[in-house]
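Undergrad: Residue numbers (the working numbering): 632 to 899.
The beta carbon of each residue, even a glycine, is placed where N, CA and C say it ideally should be.
Predicted model only: the values in this text are computed from it and were never measured.
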(Lines of atoms letter the chains of each structure in order from A and count residues from 1; the text may use other names and numbers.)
(Lines give C-alpha, C1' and ligand atoms only; values in the text may rest on other atoms or scores of the structure.)
Protein backbone atom coordinates (compact mmCIF):
# COMPACT_ATOMS: atom_id res chain seq x y z
CA UNK A 1 0.00 0.00 0.00
CA UNK A 2 2.83 2.40 0.84
CA UNK A 3 4.51 1.69 -2.48
CA UNK A 4 1.26 2.30 -4.37
CA UNK A 5 0.60 5.59 -2.52
CA UNK A 6 4.14 6.80 -3.15
CA UNK A 7 4.03 5.98 -6.84
CA UNK A 8 0.58 7.55 -7.18
CA UNK A 9 1.96 10.78 -5.65
CA UNK A 10 4.97 10.63 -8.01
CA UNK A 11 2.53 10.31 -10.90
CA UNK A 12 0.60 13.41 -9.83
CA UNK A 13 3.68 15.55 -9.23
CA UNK A 14 5.55 14.44 -12.36
CA UNK A 15 2.55 14.85 -14.64
CA UNK A 16 1.63 18.24 -13.20
CA UNK A 17 5.14 19.52 -13.66
CA UNK A 18 5.64 17.77 -16.97
CA UNK A 19 2.57 19.23 -18.61
CA UNK A 20 3.51 22.72 -17.39
CA UNK A 21 6.93 22.74 -19.04
CA UNK A 22 6.31 20.28 -21.84
CA UNK A 23 8.69 17.60 -20.55
CA UNK A 24 6.20 14.84 -19.95
CA UNK A 25 7.34 14.33 -16.34
CA UNK A 26 9.89 11.59 -17.05
CA UNK A 27 12.70 13.51 -15.39
CA UNK A 28 10.89 12.86 -12.10
CA UNK A 29 9.58 9.35 -12.76
CA UNK A 30 12.83 7.79 -14.01
CA UNK A 31 15.00 8.88 -11.02
CA UNK A 32 12.16 8.00 -8.60
CA UNK A 33 11.92 4.46 -9.95
CA UNK A 34 15.68 3.97 -10.07
CA UNK A 35 16.43 5.29 -6.58
CA UNK A 36 13.24 4.47 -4.64
CA UNK A 37 12.41 1.23 -6.45
CA UNK A 38 14.69 -1.05 -4.42
CA UNK A 39 13.16 0.18 -1.13
CA UNK A 40 9.50 0.36 -2.13
CA UNK A 41 9.17 -2.34 -4.76
CA UNK A 42 11.57 -4.79 -3.16
CA UNK A 43 13.64 -5.05 -6.31
CA UNK A 44 16.31 -3.13 -8.18
CA UNK A 45 14.85 -1.64 -11.32
CA UNK A 46 17.05 -1.51 -14.39
CA UNK A 47 17.41 1.72 -16.31
CA UNK A 48 15.60 0.20 -19.30
CA UNK A 49 12.64 -0.87 -17.13
CA UNK A 50 12.50 2.55 -15.46
CA UNK A 51 12.50 4.23 -18.86
CA UNK A 52 9.89 1.84 -20.28
CA UNK A 53 7.64 2.34 -17.27
CA UNK A 54 8.07 6.11 -17.42
CA UNK A 55 7.34 6.19 -21.13
CA UNK A 56 4.16 4.17 -20.61
CA UNK A 57 2.96 6.62 -17.97
CA UNK A 58 3.79 9.51 -20.31
CA UNK A 59 1.05 8.22 -22.59
CA UNK A 60 -1.50 9.03 -19.87
CA UNK A 61 0.20 12.29 -18.86
CA UNK A 62 0.38 13.64 -22.39
CA UNK A 63 -3.13 12.47 -23.25
CA UNK A 64 -4.64 14.26 -20.27
CA UNK A 65 -2.81 17.54 -20.80
CA UNK A 66 -3.22 17.43 -24.59
CA UNK A 67 -7.00 17.22 -24.20
CA UNK A 68 -6.90 20.30 -21.98
CA UNK A 69 -4.67 22.20 -24.42
CA UNK A 70 -6.88 21.22 -27.36
CA UNK A 71 -9.89 22.75 -25.62
CA UNK A 72 -7.89 25.96 -25.26
CA UNK A 73 -6.91 25.79 -28.97
CA UNK A 74 -3.18 25.97 -28.26
CA UNK A 75 -2.09 22.82 -30.10
CA UNK A 76 -0.75 23.33 -33.63
CA UNK A 77 -1.83 20.01 -35.15
CA UNK A 78 -0.45 20.77 -38.60
CA UNK A 79 3.13 21.05 -37.35
CA UNK A 80 2.56 18.40 -34.68
CA UNK A 81 1.79 15.65 -37.19
CA UNK A 82 4.82 16.68 -39.24
CA UNK A 83 7.11 16.36 -36.21
CA UNK A 84 5.65 12.94 -35.43
CA UNK A 85 6.42 11.65 -38.93
CA UNK A 86 10.07 11.42 -37.84
CA UNK A 87 9.72 11.26 -34.05
CA UNK A 88 7.67 8.04 -34.19
CA UNK A 89 10.32 5.90 -35.92
CA UNK A 90 13.07 7.57 -33.86
CA UNK A 91 11.27 6.63 -30.62
CA UNK A 92 11.50 2.96 -31.64
CA UNK A 93 15.24 3.36 -32.23
CA UNK A 94 15.79 5.06 -28.87
CA UNK A 95 13.72 2.49 -26.98
CA UNK A 96 15.72 -0.32 -28.58
CA UNK A 97 19.03 1.21 -27.47
CA UNK A 98 18.20 1.86 -23.79
CA UNK A 99 18.59 -1.73 -22.62
CA UNK A 100 22.16 -1.88 -23.94
CA UNK A 101 23.42 1.06 -21.85
CA UNK A 102 24.84 0.27 -18.33
CA UNK A 103 23.19 2.08 -15.40
CA UNK A 104 25.97 4.51 -14.46
CA UNK A 105 26.74 5.71 -17.99
CA UNK A 106 22.99 6.12 -18.50
CA UNK A 107 22.68 8.33 -15.40
CA UNK A 108 25.62 10.49 -16.46
CA UNK A 109 24.26 10.83 -20.00
CA UNK A 110 20.81 11.63 -18.61
CA UNK A 111 22.21 14.35 -16.35
CA UNK A 112 24.52 15.78 -19.00
CA UNK A 113 21.64 16.04 -21.44
CA UNK A 114 19.55 17.99 -18.95
CA UNK A 115 22.44 20.35 -18.19
CA UNK A 116 22.82 20.98 -21.91
CA UNK A 117 19.16 21.84 -22.19
CA UNK A 118 19.33 24.11 -19.12
CA UNK A 119 22.28 25.96 -20.70
CA UNK A 120 20.34 26.38 -23.92
CA UNK A 121 17.39 27.82 -22.04
CA UNK A 122 19.66 30.20 -20.10
CA UNK A 123 21.12 31.49 -23.35
CA UNK A 124 17.62 32.11 -24.56
CA UNK A 125 17.56 35.48 -22.75
CA UNK A 126 20.73 36.53 -24.58
CA UNK A 127 19.72 35.12 -27.94
CA UNK A 128 17.02 36.43 -30.18
CA UNK A 129 14.76 33.92 -31.93
CA UNK A 130 16.27 33.11 -35.31
CA UNK A 131 15.29 35.67 -37.94
CA UNK A 132 14.77 33.06 -40.64
CA UNK A 133 12.21 33.50 -43.38
CA UNK A 134 10.78 29.98 -43.16
CA UNK A 135 8.84 28.66 -46.12
CA UNK A 136 5.91 27.62 -43.89
CA UNK A 137 4.44 30.44 -41.81
CA UNK A 138 1.90 30.06 -38.99
CA UNK A 139 0.07 32.55 -36.79
CA UNK A 140 -1.36 32.35 -33.28
CA UNK A 141 -3.62 34.88 -31.60
CA UNK A 142 -3.70 34.68 -27.79
CA UNK A 143 -6.81 35.38 -25.65
CA UNK A 144 -5.71 39.02 -25.32
CA UNK A 145 -5.72 39.44 -29.10
CA UNK A 146 -1.92 39.54 -29.53
CA UNK A 147 -0.81 37.88 -32.75
CA UNK A 148 2.41 35.86 -33.00
CA UNK A 149 3.99 34.72 -36.27
CA UNK A 150 6.24 31.66 -36.39
CA UNK A 151 7.35 29.18 -39.02
CA UNK A 152 9.54 26.30 -40.17
CA UNK A 153 10.29 24.16 -43.21
CA UNK A 154 9.78 20.43 -43.68
CA UNK A 155 13.45 19.29 -43.41
CA UNK A 156 14.09 21.26 -40.20
CA UNK A 157 10.83 20.10 -38.64
CA UNK A 158 11.61 16.45 -39.45
CA UNK A 159 15.11 16.81 -37.99
CA UNK A 160 13.77 18.23 -34.73
CA UNK A 161 11.09 15.56 -34.62
CA UNK A 162 13.69 12.80 -35.03
CA UNK A 163 15.78 14.18 -32.16
CA UNK A 164 12.71 14.43 -29.93
CA UNK A 165 11.63 10.87 -30.69
CA UNK A 166 15.11 9.45 -30.12
CA UNK A 167 15.40 11.16 -26.74
CA UNK A 168 11.87 10.12 -25.82
CA UNK A 169 12.54 6.44 -26.44
CA UNK A 170 16.04 6.50 -24.97
CA UNK A 171 15.48 8.45 -21.74
CA UNK A 172 11.72 8.19 -21.26
CA UNK A 173 11.44 11.91 -20.60
CA UNK A 174 9.24 12.91 -23.50
CA UNK A 175 11.85 14.98 -25.32
CA UNK A 176 10.18 18.29 -24.53
CA UNK A 177 13.38 19.61 -22.96
CA UNK A 178 14.82 19.75 -26.47
CA UNK A 179 11.61 20.30 -28.36
CA UNK A 180 10.30 23.38 -26.55
CA UNK A 181 13.48 25.50 -26.72
CA UNK A 182 14.02 24.50 -30.35
CA UNK A 183 10.49 25.58 -31.21
CA UNK A 184 10.88 28.87 -29.33
CA UNK A 185 14.40 29.81 -30.47
CA UNK A 186 14.55 28.34 -33.95
CA UNK A 187 10.96 28.56 -35.14
CA UNK A 188 9.74 31.46 -32.91
CA UNK A 189 6.75 29.59 -31.44
CA UNK A 190 4.98 31.37 -28.55
CA UNK A 191 6.03 29.41 -25.38
CA UNK A 192 2.47 28.27 -24.60
CA UNK A 193 1.91 26.99 -28.15
CA UNK A 194 5.30 25.27 -28.06
CA UNK A 195 4.43 23.55 -24.77
CA UNK A 196 1.00 22.43 -25.98
CA UNK A 197 2.22 21.18 -29.35
CA UNK A 198 5.15 19.46 -27.66
CA UNK A 199 2.79 17.51 -25.40
CA UNK A 200 0.77 16.37 -28.42
CA UNK A 201 3.89 15.02 -30.16
CA UNK A 202 5.09 13.48 -26.88
CA UNK A 203 1.76 11.67 -26.59
CA UNK A 204 2.15 10.09 -30.03
CA UNK A 205 5.85 9.29 -29.62
CA UNK A 206 5.40 7.83 -26.13
CA UNK A 207 2.86 5.33 -27.47
CA UNK A 208 5.34 4.07 -30.05
CA UNK A 209 8.29 4.04 -27.64
CA UNK A 210 6.42 2.38 -24.77
CA UNK A 211 5.13 -0.41 -27.02
CA UNK A 212 8.74 -1.12 -28.01
CA UNK A 213 9.83 -1.29 -24.37
CA UNK A 214 6.93 -3.61 -23.47
CA UNK A 215 7.79 -5.93 -26.34
CA UNK A 216 11.33 -6.07 -24.95
CA UNK A 217 10.03 -6.81 -21.43
CA UNK A 218 11.23 -3.44 -20.15
CA UNK A 219 8.30 -2.14 -18.08
CA UNK A 220 6.87 -2.71 -14.59
CA UNK A 221 3.11 -3.36 -14.59
CA UNK A 222 2.56 -2.59 -10.91
CA UNK A 223 4.39 0.73 -11.16
CA UNK A 224 2.36 1.68 -14.24
CA UNK A 225 -0.92 0.88 -12.47
CA UNK A 226 0.09 3.09 -9.54
CA UNK A 227 1.58 5.95 -11.55
CA UNK A 228 -1.02 6.19 -14.33
CA UNK A 229 -4.04 7.39 -12.25
CA UNK A 230 -1.88 10.09 -10.70
CA UNK A 231 -0.56 11.04 -14.12
CA UNK A 232 -4.08 11.55 -15.45
CA UNK A 233 -4.84 13.91 -12.57
CA UNK A 234 -1.51 15.69 -12.83
CA UNK A 235 -1.75 16.16 -16.59
CA UNK A 236 -5.08 17.91 -16.22
CA UNK A 237 -3.88 19.96 -13.24
CA UNK A 238 -0.74 21.12 -15.04
CA UNK A 239 -2.73 22.28 -18.04
CA UNK A 240 -4.89 24.39 -15.72
CA UNK A 241 -1.87 25.91 -14.00
CA UNK A 242 -0.08 26.75 -17.25
CA UNK A 243 -2.90 29.14 -18.18
CA UNK A 244 -1.91 31.31 -15.21
CA UNK A 245 1.84 31.33 -15.83
CA UNK A 246 3.57 33.72 -18.22
CA UNK A 247 5.75 32.43 -21.01
CA UNK A 248 8.85 33.79 -19.24
CA UNK A 249 7.90 32.00 -16.03
CA UNK A 250 7.63 28.73 -17.97
CA UNK A 251 11.19 29.13 -19.22
CA UNK A 252 12.58 29.88 -15.75
CA UNK A 253 10.77 26.90 -14.26
CA UNK A 254 12.20 24.67 -16.95
CA UNK A 255 15.77 25.91 -16.41
CA UNK A 256 15.79 25.46 -12.64
CA UNK A 257 14.26 22.01 -12.68
CA UNK A 258 16.63 20.70 -15.32
CA UNK A 259 19.67 21.82 -13.29
CA UNK A 260 18.43 20.24 -10.05
CA UNK A 261 17.69 16.87 -11.58
CA UNK A 262 20.83 16.90 -13.71
CA UNK A 263 23.03 17.32 -10.66
CA UNK A 264 21.22 14.51 -8.86
CA UNK A 265 21.70 12.11 -11.76
CA UNK A 266 25.38 12.95 -12.33
CA UNK A 267 26.51 12.67 -8.71
CA UNK A 268 24.51 9.41 -8.33
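Using DSSP's beta-bridge definition, name the partner residues of residue 783.
TA: Mapped onto the chain shown, residue 783 falls at position 152. According to DSSP, which records beta bridges pairwise, residue 783 is partnered with 767.
Undergrad: Thinking C-alpha only, which one of 706, 693, 663 is nearest residue 828?
TA: Along the chain shown, read from residue 1 onward, the residue named residue 828 stands at position 197. Checking every option, the nearest Cα to that of residue 828 belongs to 706.
Undergrad: How should residue 822 be labelled, buried or exposed, when 16 other C-beta atoms within 10 angstroms of its C-beta is the threshold for buried?
TA: One-based indexing of the chain shown puts residue 822 at position 191. Classification for residue 822: buried.
Undergrad: Could you work out which residue in 678, 693, 634 is closest to residue 838 when comparing CA atoms only?
TA: The residue labelled residue 838 in the question sits at position 207 within the chain shown. Closest option to residue 838, Cα to Cα, is 693.
Undergrad: CB-CB under 7 Å to residue 684, same chain, minus the five flanking residues each way: which ones, in chain order?
TA: Against the chain shown, residue 684 aligns to sequence position 53. Sequence-distant Cβ neighbours of residue 684 in its own chain, meaning closer than 7 Å and more than five residues away, are 664, 850, 851, 854, 855.
Undergrad: Please report the distance separating the alpha-carbon of residue 774 from that of residue 830.
TA: Sequence index remark: in the chain shown, residue 774 carries index 143 (1-based). Sequence index remark: in the chain shown, residue 830 carries index 199 (1-based). When rounded, the distance between both Cα atoms is 20 Å.
Undergrad: Distance check for residue 727 and residue 679, CA to CA, integer angstroms please.
TA: Working through the chain shown from its first residue, we reach residue 679 at position 48. Working through the chain shown from its first residue, we reach residue 727 at position 96. Distance between the alpha carbons of residue 679 and residue 727: 9 Å.
Undergrad: Answer yes or no: does any C-beta atom of chain C fall closer than 8 Å to that of residue 891?
TA: Looking at the structure shown, chain C is missing, and only one protein chain is on hand.
Undergrad: Between residue 893 and residue 749, how many whole angstroms is the CB-CB distance? I'm expecting something under 8 Å.
TA: Along the chain shown, one-based indexing puts residue 893 at 262. Along the chain shown, one-based indexing puts residue 749 at 118. Going by Cβ atoms, the distance from residue 893 to residue 749 rounds to 7 Å, so yes, they are a contact pair.
Undergrad: Flag this pair as touching only if the segment 786-794 and the segment 734-746 have three or more C-beta atom pairs under 8 Å; answer yes or no.
TA: no
Undergrad: Would you please state the rounded distance, in angstroms, between the beta carbons of residue 660 and residue 858? I believe it to be under 8 Å.
TA: As a working note, residue 660 is residue 29 in the chain shown. As a working note, residue 858 is residue 227 in the chain shown. So it is a contact: roughly 7 Å between Cβ atoms.
Undergrad: Can the beta-carbon of residue 865 be found closer than 8 Å to that of residue 697?
TA: Your numbering for residue 865 matches position 234 in the chain shown. Your numbering for residue 697 matches position 66 in the chain shown. Contact: no.
Undergrad: Looking at C-alpha atoms only, which residue of 802, 871, 782 is the closest neighbour of residue 813?
TA: Residue 813 sits at position 182 when you count from the first residue of the chain shown. For residue 813, the closest of 802, 871, 782 by C-alpha to C-alpha distance is 782.
Undergrad: Which residue from 862, 765, 725 puts its Cα closest to that of residue 847?
TA: Numbered from 1 along the chain shown, position 216 holds the residue referred to as residue 847. Shortest Cα-Cα distance from residue 847 to any of 862, 765, 725 involves 725.
Undergrad: Just checking my contact of residue 816 with residue 760 at CB under 8 Å: how many whole Å lie between their CB atoms?
TA: For the purposes of this step, residue 816 is identified with residue 185 of the chain shown, where counting begins at 1. For the purposes of this step, residue 760 is identified with residue 129 of the chain shown, where counting begins at 1. That belief holds up - the Cβ atoms of residue 816 and residue 760 are roughly 6 Å apart, short of 8 Å.
Undergrad: Would the C-beta of residue 719 count as close to the ligand MN, meaning under 7 Å from any of its heavy atoms?
TA: Absence of the ligand MN is noted for the structure shown, with no ligands found whatsoever.
Undergrad: Excluding the five sequence neighbours on either side, which residues of its own chain have a C-beta within less than 7 Å of the C-beta of residue 868, listed in chain order?
TA: Within the chain shown, residue 868 is the residue found at index 237, counting from 1. So the list reads 647, once near-sequence residues are dropped.
Undergrad: Using the Cα positions of residue 796 and residue 841, report the straight-line distance between them to the nearest angstrom.
TA: Counted from its first residue, the chain shown places residue 796 at position 165. Counted from its first residue, the chain shown places residue 841 at position 210. Each residue's alpha carbon lies about 12 Å from the other.
Undergrad: Just confirm the distance between the C-beta atoms of residue 798 and residue 784, as a whole number of angstroms; I'd bet it's less than 8 Å.
TA: Start at 1 with the first residue of the chain shown, and residue 798 comes out as number 167. Start at 1 with the first residue of the chain shown, and residue 784 comes out as number 153. The Cβ separation is near 22 Å, so there is no contact.
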